[in-house]
Amino acid sequence: MIILGIESSCDETAASVVKDGREVLSNVVASQIAIHSPYGGVVPELASRKHVEVILTVMEEALKKANCTLEDIDAIGVTCGPGLIGSLLVGLSSAKAICYATNKPIIPVNHLEGHIMAAFLEEPMEAPYICLVVSGGHTALYQVEPGQRPIYIGGTLDDAAGEAFDKVAKLLGLGYPGGVVIDRLSQLGNPKAFDFPRAWLGKDSLDFSFSGIKTAVCNFVRKFGNPTEGGNLPYRVEDLVASFQEAVVDVLVAKTLKALSVKKLNHVAVVGGVAANSRLRKRFGEMALENNFRLRIPPPSLCTDNAVMIASAAYEVWKREGFSTDLFSIDAISRWY
Ligand code: KG4
Ligand code: ZN
Numbered sequence: 002m003i004i005l006g007i008e009s010s011c012d013e014t015a016a017s018v019v020k021d022g023r024e025v026l027s028n029v030v031a032s033q034i035a036i037h038s039p040y041g042g043v044v045p046e047l048a049s050r051k052h053v054e055v056i057l058t059v060m061e062e063a064l065k066k067a068n069c070t071l072e073d074i075d076a077i078g079v080t081c082g083p084g085l086i087g088s089l090l091v092g093l094s095s096a097k098a099i100c101y102a103t104n105k106p107i108i109p110v111n112h113l114e115g116h117i118m119a120a121f122l123e124e125p126m127e128a129p130y131i132c133l134v135v136s137g138g139h140t141a142l143y144q145v146e147p148g149q150r151p152i153y154i155g156g157t158l159d160d161a162a163g164e165a166f167d168k169v170a171k172l173l174g175l176g177y178p179g180g181v182v183i184d185r186l187s188q189l190g191n192p193k194a195f196d197f198p199r200a201w202l203g204k205d206s207l208d209f210s211f212s213g214i215k216t217a218v219c220n221f222v223r224k225f226g227n228p229t230e231g232g233n234l235p236y237r238v239e240d241l242v243a244s245f246q247e248a249v250v251d252v253l254v255a256k257t258l259k260a261l262s263v264k265k266l267n268h269v270a271v272v273g274g275v276a277a278n279s280r281l282r283k284r285f286g287e288m289a290l291e292n293n294f295r296l297r298i299p300p301p302s303l304c305t306d307n308a309v310m311i312a313s314a315a316y317e318v319w320k321r322e323g324f325s326t327d328l329f330s331i332d333a334i335s336r337w338y
């Protein structure tokens, strides 16, 4: 089963050809970082326009790299949500048009389920397991049972973890996307230098909150000075971001551990853009060893948005639900499980 995957839910236009859910024949990602960088975040209208400009080229390149033509493709898997509605519509409309013209089946894919499948491309892991999805738009815990849709068991009440990384980086004038810069700078800093608040939200809560820590960093620079203002600072920026990152990672690791214990499971997957974070990967690795859990984290290049994960998830959706019968009833969904 050869699937062409298409992803355009946020600021990456991506297409990929994957055989039988795991054999990657091509992986093309056109990033819009340069376009959104001056604004310190994704500007939805600019994102949609850029998707329109590049989507056909990206698909053609994915087919070419896979040594395929449209005729070799058995189905198209496309992200239908969650995401920015204008961005989603570009990928979805393109997929629908191709399917209509070529009479190929379409498989609507949930973006978060795509992120989850990225964890198993190198080495599968049988369900049930707990999955932490941690990206720029989402921070949530899911329980995954064999052959079922992921079940939401907790998530952020305000900002996503990646959003907190991006906003703190913007505040400190470090560039966009913030997670990557903070990850790099933190490697030169002391994570224990400053004690930022961890939002536990009660002993048994599986929910998250990252707006408080963002405010704490804001208050810190108001008091001790912001690197954007120049001049000598009474602290090292590396220590500040390492301490911020440590607080975020502490909460992500502890809540995942809590979910494993509440649901009595010992398999865990950590996925999404923030799963590329080197400190998070290290801490989860240590946690898995200490507690004897089986752990899967995608390689960093498949943590951030791509279409390999969409083609792979499309294969799972097809096994579970078959092809979507009515092309015209499929729509983009900005909020989905
Ligand atoms: O999964 P993704 O590409 O898009 C969404 O679905 O949101 O995630 C993007 C997010 C951004 O917030 C970015 O700052 C964050 O992932 N990110 C990182 C790292 N690489 C990307 N955060 C922390 N450390 C990283 N190395
Ligand atoms: Zn994503």
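To convert, take the position in the sequence shown, counting from 1, and add 1; that gives my numbering.
For glycine and all other residues, C-beta sits at the position ideal for the given N, C-alpha and C.
- With respect to I107, I331 sits close: the two C-beta atoms are nearer than 8 Å.
- In this structure G190 touches V242 by the C-beta definition: roughly 6 Å separates them, less than 8 Å.
- When rounded, the separation of the alpha-carbon atoms in P228 and L173 is 6 Å.
- P235 has its CB no nearer than 7 Å to any heavy atom of the ligand KG4.
- In the DSSP assignment, R185 falls within the alpha helix (DSSP H) that extends over 179–187.
- In this structure, the straight-line span from the alpha carbon of G87 to that of L57 is close to 16 Å.
- Looking from the CA of L142, the closest CA among Y153, R280, S244, V25 belongs to Y153.
- Setting aside the 5 residues that flank it on each side, A314 is surrounded in the same chain by V110, E114, G115, M118, each with a C-beta closer than 6 Å to its C-beta; the list follows chain order.
- Between L89 and Y101, the alpha-carbon positions lie close to 18 Å from each other.
- Within the DSSP bridge table, the entry for L133 names L142, V271 as partners.
- By the rule of a C-beta closer than 5 Å to any heavy atom of the ligand ZN, the residues picked out are S136, D306.
- The region 51–65 and the region 7–14 touch, with three or more beta-carbon pairs separated by less than 8 Å.
- For F209, the CB contacts under 6 Å within the same chain, skipping 5 residues up- and downstream, are T140, T157 in chain order.
- With fewer than 16 neighbouring CB atoms inside 10 Å of its own CB, I34 falls in the exposed class.
- Beta-bridge analysis with DSSP links A31 to T14.
- Set against 7 Å, the gap from the CB of C11 to the closest heavy atom of the ligand KG4 is smaller.
- Residues of the same chain with a CB within less than 7 Å of the CB of K259, apart from the 5 flanking positions on each side, are L207 in chain order.
- Under DSSP, E24 takes part in a beta bridge, and its partners are K20.
- With distances taken between CA atoms, E8 lies nearest to G82 out of P192, P39, E72, G82.
- Listed in chain order, the non-local C-beta contacts of W319 below 6 Å within the same chain comprise I108, local neighbours out to five positions each way being set aside.
- The criterion of a C-beta distance shorter than 8 Å is not satisfied by H268 and R237.
- Per the coordinates, the alpha-carbon of V271 lies some 21 Å from the alpha-carbon of S187.
- Residues of the same chain with a CB within less than 7 Å of the CB of T70, apart from the 5 flanking positions on each side, are L64 in chain order.
- Assignment of R336 by DSSP, reduced to helix, strand and coil, places it in the coil class.
- The three-state secondary structure of T157, taken from DSSP, is strand.
- In the structure shown, R237 falls within a coil segment according to DSSP collapsed to helix, strand and coil.
- The Cβ atoms of I3 and I74 lie closer than 8 Å to each other.
- With a 10 Å radius around the Cβ and a threshold of 16 neighbouring Cβ atoms, G180 comes out buried.
- Excluding sequence positions up to five before and after G226, its CB lies within less than 6 Å of the CB of L234, all in the same chain and listed in chain order.
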